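Undergrad: Numbering of the sequence shown is given in UniProt numbering, commencing with residue 1 and proceeding in unit increments.
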Amino acid sequence: MSDLSRPTGPRIIAVANQKGGVGKTTTAINLAAALAETGLRVLVVDLDPQGNASTGLGIEDRDVTTYELLVDDAPLNAVIQETSIPGLSIVPATVDLSSADIELMANEKRSFLLHDALRQTAMDSFAWDYILIDCPPSLNLLTVNAMVAAHSVLVPLQSEFFALEGLSQLMLTIREVRQAANPDLRIEGVVLTMYDKRNNLSQQVEKDARDNLGELVFETRIPRNVRVSEAPSFALPVLSYDPNSLGAIAYRDLAAELLKKHNKIAA
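1) Which stretch, first to last residue, makes up the alpha helix (DSSP H) that contains Glu56?
2) To which residues of the same chain is Glu219 closer than 7 Å at the C-beta, ignoring the five residues directly before and after it?
3) Distance, Cα to Cα, Asn107 vs Leu70?
4) Rounded to a whole number of angstroms, what is the C-alpha to C-alpha distance between Leu40 and Ile131?
5) Of the choices Ser84, Val64 and Gly87, whose alpha-carbon is the least far from that of Ala78?
6) Straight-line CA distance for Leu88 to Asn145?
7) Contact defined as beta carbons within less than 8 Å: I believe Gly23 pairs with Met171. What is the distance between those atoms, to the nearest angstrom?
8) Return yes when the Cβ of Ile59 is within less than 7 Å of the Cβ of Pro86, no when it is not.
9) Rank Ser202, Ser245, Pro10 and Thr27 by C-alpha distance to the C-alpha of Cys135 and give the top, closest one.
10) Quick check on this structure: which residue in Leu113, Leu47, Arg186 and Ile222 has the alpha carbon closest to the alpha carbon of Ala255?
11) Quick check on DSSP: helix, strand or coil for Phe218?
12) Please report the distance separating the alpha-carbon of Tyr67 from that of Ala74.
13) Apart from the five residues on each side of it in sequence, which residues of its chain come closer than 7 Å, Cβ to Cβ, to Asp101?
14) Could you tell me the distance, in whole angstroms, from the CA atom of Asp46 to the CA atom of Ile90?
15) Please classify Lys19 as buried or exposed, where buried requires at least 16 neighbouring CB atoms within 10 angstroms.
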């Protein structure tokens, strides 16, 4: 691939939506796999105590995780694990992370812990192109850490009734993080997930999203696809589980749209 597609230094994207069940983790691992498939080096940081991104990428050994990275200041080389996907690595998570909010409250740098961890001097040796942070389904201290560490926020939006409700709270949090800690944070975009083009509701949600958010909404829509749902039970991204499925094709399209946008900005 051309050098134009390679960002200078890792581009860090937080995948966030405080609403659960919107395809956030699915988007994080499949977009990461699609980017890696193009030859880029990608790291997923599992910041969700449920650890679904770790499970979905087949990580069984979780002795050292994002909990140790944040709470114990563990070095990056101790927490990063390779996945079965060439070029794709992960910092896994366990339920231990659920207590991190309380444990970190007394730390005066509590909102900057992930930011600092991802900027260790050892980071250069890994030569990541992209880092995707899978946030928990809440606007807690872990999500704030992700936003302070990130360059941008990618928002998966389920194509269902009330989809846009709650987005205002997420946007408010992004604005607060901008004002307090990360003035360069921007919204990467909104991606419609679980989309069914035969369904009037999906079409209405898309219209509402585009009317309200304009160019922030990606052209690519992730369809409701049984292969996407099945893939995590085989500990694989859908791109590996069924490379020719509609879901796999959609995530490749999303990766291509993201890279095209970043190349345009770089130019």
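Ideal placement from N, C-alpha and C gives every residue a C-beta, glycine not left out. All of these numbers come straight from a predicted model, not from anything done at the bench.
TA: The relevant details are as follows:
1) Reading the sequence as shown, one finds Gly at residue 56 and not Glu. Segment Asn52 to Gly56, the alpha helix (DSSP H) holding Gly56.
2) Glu257
3) 11 Å
4) 11 Å
5) Val64
6) 22 Å
7) About 19 Å separates the two Cβ atoms, so there is no contact after all.
8) no
9) Thr27
10) Ile222
11) strand
12) 9 Å
13) Asn140, Leu141 and Leu142
14) 7 Å
15) buried
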